[in-house]
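First up is the structure itself, then whatever we jot down about it.
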Amino acid sequence: MSRHSKIFIGLISGAILGVIINFTSKDSFVTTFIQTYITDPLGKIFLNFLIMMVIPLVFASLSLGVAQIGDLKKLGRIGFRTIAYFIIVTTFAVVIGLVLVNVIRPGDYLPQETKTSLMDSFKTQATEIKSATEKTEFGIQTLVNIIPRNPVAAIAKPNPDMLALIFFSLIVGISLTLIDKEKANTLIKILEAINDVTVKVINIAMKLAPYGVFALIFSVTSRFGFDLLVALSMYVLTVLLGLTLHFLGTFSLLLKLLAKYNPIKFFKKIETVVLTAFSTSSSSATLPTTISVSQTNLGIPTQITGFVLPLGATMNMNGTALFEGVTVLFLAQVFGVHLSFGVQLIVVLMSVLTAIGSAGVPSGSIPLLVMVLAMINVPPEGIAIILGVDRILDMCRTVLNVSGDITCAAYIAKTEGYELKQ
Ligand code: ASP
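Residues in the sequence shown are numbered from 0 upward in steps of one, following numbering that gives the first Met the number 0.
Now the structure itself:
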């Protein structure tokens with residue numbers, strides 16, 4: 000049986016079992032025991048196993064990618080196209096979200112009692128996020144920090160500074176093309192070895208995937224407040240409609256027009272990536288799968304995947320940006336804050352910037368989203384209203400985040416004259 004069929008079975012059985020438990024014995028002793036001692040740890044082990052390799056993988060594949068591109072002119076061209084693509088397509092995603100939220104106005108459908116009870120139930124979590132956000136820097140310092148004073152310190156923390164790692168890897172890669180060939184080859188060989196080891200470890204980790212995915216999905220669905228989905232249905236539907244339009248509409252168009260690739264074939268070939276992103280809610284944890292699927296199934300050359308995909312996993316989050324835009328406007332509607340067209344443009348800009356700055360981990364965008372709320376005078380503790388449905392939306396937006404990266408890699412490969420595997 001293929002890997003993605005096994006993962007799919009893990010996902011479906013985890014979801015079905017979780018939903019059954021949710022409706023029959025949600026808070027029972029046995030359920031809590033299973034969640035605490037079996038499925039939560041198993042899910043975390045699987046996620047940690049994957050995320051553990053992300054730092055060496057990003058460093059090795061990005062610096063190697065740059066070194067393999069070799070020619071600085073070509074690198075500049077690819078780099079410019081990649082970043083321009085990220086920014087334009089992410090902006091487009093936010094615009095789709097904002098148009099929908101302005102037309103549907105999901106905030107008008109939330110009864111006052113539901114709002115109060117949600118604010119009460121998720122008060123502690125919201126306060127924790129708010130105080131964490133106060134410590135997060137976002138602004139000119141974020142820009143300065145992209146060039147790390149100490150690259151080891153930048154990554155040796157629970158939330159590694161991925162933009163700093165990207166800068167460091169890029170500059171190492173560029174320098175490799177500029178030094179003596181023989182010496183460069185020594186380091187390139189080492190980087191290739193690191194890359195191969197990383198891929199091997201991830202292959203071992205992916206053997207756990209069907210069980211890990213089962214555990215992750217079971218943990219989510221067995222705890223999930225399905226009543227919240229109903230209470231917030233208009234908001235959830237607005238986000239999901241936006242994500243679907245961007246996924247099926249924008250991506251299909253981009254694939255057809257820019258990468259000259261049949262979108263249906265493309266979506267079939269990236270099934271494993273979609274399943275992994277959906278179940279882990281993490282672009283970083285999915286990155287190894289994203290790279291291997293792009294190379295093996297789509298035939299995108301390693302120098303392109305090595306460059307575009309690690310950058311994309313950190314900087315290109317279409318789903319996250321769309322979700323942020325919709326959520327900010329939804330909460331503004333709920334709190335009766337009128338946002339003029341000009342302020343909405345700021346929301347677009349901030350959604351794009353904070354999506355670039357968000358960590359590719361579950362709920363990585365929430366702290367930055369809280370910051371945007373505060374910025375435009377929507378009460379930041381209002382985030383409590385959506386926390387209960389965030390995980391399910393996170394699973395969906397992460398699918399867009401990673402498939403957007405592969406779409407970009409396919410486009411770049413095409414413009415560089417490579418033929419993709421049909
Ligand atoms: N979970 C998302 C990702 O890893 C980030 C977010 O939107 O919270 O891509």
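Beta carbons: idealized from backbone N, C-alpha and C, even for Gly. Quantities reported herein were computed from a predicted structural model and do not represent experimental measurements.
| Query | Result |
| --- | --- |
| Verify the contact flag: residue 198, CB atom, against every heavy atom of ligand 1, threshold strictly below 8 Å. | no |
| Are residue 145 and residue 117 touching if we call contact CB-CB under 9 Å? | no |
| Put residue 362 into one of helix, strand or coil per three-state DSSP. | coil |
| Please list, following the chain, all residues that have a C-beta closer than 6 Å to any non-hydrogen atom of ligand 1. | 280, 281, 282, 316, 319, 357, 359, 360, 361, 362, 363, 364, 393, 396, 397, 400 |
| Do three or more CB pairs link the region 101-121 to the region 355-368 at distances below 8 Å? | no |
| With 16 other CB atoms within 10 Å as the buried threshold, where does residue 70 fall? | exposed |
| Unbroken alpha helix (DSSP H) runs of length 4 or more, entirely within the region 360-403: which are they? | 365-374 |
| Is there contact here, the region 398-414 with the region 308-325, by at least three beta-carbon pairs under 8 Å? | yes |
| Is it right to say residue 111 is buried, meaning 16 or more other beta carbons lie within 10 angstroms of its own, or is it exposed? | exposed |
| By a C-beta neighbour count over all protein chains shown, 10 Å radius and 16 as the cutoff for buried, is residue 127 buried or exposed? | exposed |
| Given a cut-off of 9 Å, decide if residue 106 and residue 242 are closer than it, judged by their beta-carbon atoms. | no |
| For the region 120-191, which segments carrying the alpha helix (DSSP H) assignment without a break, of at least 4 residues, lie completely within its bounds, in sequence order? | 122-134, 139-144, 150-154, 161-177 |
| Could you say which of 0, 386, 86 lies nearest to residue 227 if we only look at CA atoms? | 386 |
| Give every residue of the same chain whose Cβ lies closer than 6 Å to the Cβ of residue 398, excluding the five residues on either side of it in the sequence, and list them in chain order. | 273, 276, 277 |
| Taking all protein chains shown into account, do 16 or more other C-beta atoms lie within 10 angstroms of the C-beta of residue 195, making it buried, or fewer, making it exposed? | exposed |
| Which residue's Cα is closest to the Cα of residue 24: 232, 223, 344, 353? | 223 |
| For the alpha helix (DSSP H) containing residue 110, name the first residue and the last one. | Segment: none, residue 110 is in no alpha helix (DSSP H) and carries neither H nor E. |
| What are the uninterrupted segments assigned as alpha helix (DSSP H) that are 4 or more residues long and contained completely in the region 244-273, given in chain order? | 250-256, 262-268 |
| Please return the same chain residues whose Cβ sits closer than 7 Å to the Cβ of residue 270, not counting the five positions on each side in sequence. | 3 |
| For residue 303 versus residue 64, is the C-beta spacing smaller than 9 Å? | yes |
| Do residue 375 and residue 355 have their C-beta atoms closer together than 9 Å? | no |
| With 16 other CB atoms within 10 Å as the buried threshold, where does residue 263 fall? | exposed |
| What separation, rounded to the nearest whole angstrom, lies between the Cα atoms of residue 407 and residue 326? | 26 Å |
| Rounded to a whole number of angstroms, what is the C-alpha to C-alpha distance between residue 169 and residue 62? | 6 Å |
| For the alpha helix (DSSP H) that contains residue 323, what are its first and last residues? | 317-333 |
| With a cut-off of 8 Å, do at least 3 Cβ pairs link the region 53-61 to the region 282-301? | yes |
| Where are the alpha helix (DSSP H) runs, 4 residues long or more, that stay fully inside the region 192-236, in chain order? | 208-222, 225-230 |
| Pull up the CB-CB distance for residue 321 and residue 96, whole angstroms please, since I reckon it's below 8 Å. | 4 Å |
| Buried or exposed for residue 234, going by 16 or more other Cβ atoms inside 10 Å? | buried |
| Could you check what DSSP says for residue 296 in three-state terms: helix, strand or coil? | coil |
| Buried or exposed for residue 89, please, with buried defined as at least 16 other CB atoms from any protein chain shown within 10 angstroms of its CB. | buried |
| Could you name the residues of the same chain whose beta carbon sits closer than 7 Å to that of residue 186, not counting the 5 residues immediately before and after it, in chain order? | 175 |
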